[in-house]
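A short write-up of the structure that comes next.
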Amino acid sequence: MRVGGRRDLKRFSQFLIPLVIAVFAIAAVVLFTQFTQRKTENPFKSFSEIQVGEREISVLFLGESTFVLKTVRHTIIIDPASKISRDDAKILGKVDAILITHEHSDHFVSGATLNLHQEFNCPVIVNKGAYESLKNSISEEGKLILMNSGETVILDGIIVEAVEADHPADSPLMYVVTLDDITILHASDSGFVQSLERFSGRIDLALLPIGSPSPSASPSDALEMARAVMPKKIIMMHGSASEFSEFKDLIEDSGLNTAIEEVEASKPRKISL
Numbered sequence: 179m180r181v182g183g184r185r186d187l188k189r190f191s192q193f194l195i196p197l198v199i200a201v202f203a204i205a206a207v208v209l210f211t212q213f214t215q216r217k218t219e220n221p222f223k224s225f226s227e228i229q230v231g232e233r234e235i236s237v238l239f240l241g242e243s244t245f246v247l248k249t250v251r252h253t254i255i256i257d258p259a260s261k262i263s264r265d266d267a268k269i270l271g272k273v274d275a276i277l278i279t280h281e282h283s284d285h286f287v288s289g290a291t292l293n294l295h296q297e298f299n300c301p302v303i304v305n306k307g308a309y310e311s312l313k314n315s316i317s318e319e320g321k322l323i324l325m326n327s328g329e330t331v332i333l334d335g336i337i338v339e340a341v342e343a344d345h346p347a348d349s350p351l352m353y354v355v356t357l358d359d360i361t362i363l364h365a366s367d368s369g370f371v372q373s374l375e376r377f378s379g380r381i382d383l384a385l386l387p388i389g390s391p392s393p394s395a396s397p398s399d400a401l402e403m404a405r406a407v408m409p410k411k412i413i414m415m416h417g418s419a420s421e422f423s424e425f426k427d428l429i430e431d432s433g434l435n436t437a438i439e440e441v442e443a444s445k446p447r448k449i450s451l
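179 is the number of the first residue of the sequence shown in the working numbering; add one for each residue after it.
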């Protein structure tokens, strides 16, 4: 009996061990597949699937100062540089306007912007420097809009106000944009300018440059911007981790009634305002 029992146990072990190995191998493949899918998930697809309601905005930050912003009825792109391909654009679907603050390559690339314009057939709002690069390529009336500081443009319910920027470029701009009763300040990579004070209390969401590689932006300049416009919420852009940390400390110490929304690059967020 003992000999037979040992034989049965040996046969059972010969069957069980490969089975356990197979189960672990399948589990490892499933976990790896899930991890890979999460890691390679297309941010434009995730963004396009976010549903927003009144007083909500969906934000896709793509690094430096590039944003895609969606409210309940409108979508805009600001400073796309070369971060949005034609394939990405197809996923986004309808875009109502593209805004360029200035002509530096981390904000604006002529060919990439032209591709997006052709894909969306939407107006492109530009400063003087970017206008010079696009004026021979976008000829349809109303599709290339040159803005100067102090001017306002209204496009199908989108209100765009141009503000002078403190930055070494050809007539650089900041934009104050109102979409579906949500007002956003995109401050390019500007230093503080006094004229921002006229928007005090009007800004729901401020996209503020915090520092490098901009020679004009800094945590202290961003704090002065926040003091000037008193936004409900702030998203930090254009800066290093240490500069972001410094700015957060400055805001905390300032006593300003505002909140910093932590938004990571290529990770879409919905924000209530």
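C-beta: ideal position from N, C-alpha, C; glycine also. All values reported here derive from a predicted model rather than from experimental measurement.
- Exclusion of the five residues before and after residue 257 leaves 243, 244, 279, 285 as the residues of its chain whose Cβ lies within less than 6 angstroms of its Cβ.
- Beta-bridge annotation (DSSP): residue 447 is paired with 237.
- Membership of residue 388 in any beta strand (DSSP E) is not indicated, and neither H nor E is assigned to it by DSSP.
- In this structure the segment 229-239 touches the segment 434-450; the number of beta carbon pairs closer than 8 angstroms is three or more.
- In this structure, the alpha-carbon of residue 232 lies about 19 angstroms from that of residue 439.
- The three-state secondary structure of residue 415, taken from DSSP, is strand.
- Within the segment 285-344, the complete beta strand (DSSP E) segments at least 3 residues long are 302-304, 322-324, 330-333, 336-342, listed from N- to C-terminus.
- Residue burial is scored here from C-beta neighbours: residue 424 has at least 16 other C-beta atoms within 10 angstroms and is therefore classed as buried.
- Counting along the chain, residue 225 sits inside the alpha helix (DSSP H) bounded by residues 221-227.
- Secondary structure of residue 377 (DSSP, three-state): helix.
- The residues 259, in chain order, have a CB closer than 7 angstroms to that of residue 283 in the same chain once the five nearest residues on each side in sequence are set aside.
- Taking residue 349 as the centre and dropping the five residues before and after it, the same chain places the C-beta of 305, 306 closer than 6 angstroms to its C-beta, in chain order.
- Measuring C-alpha to C-alpha distances from residue 295 to each of 365, 221, 264, 310 identifies 264 as the nearest.
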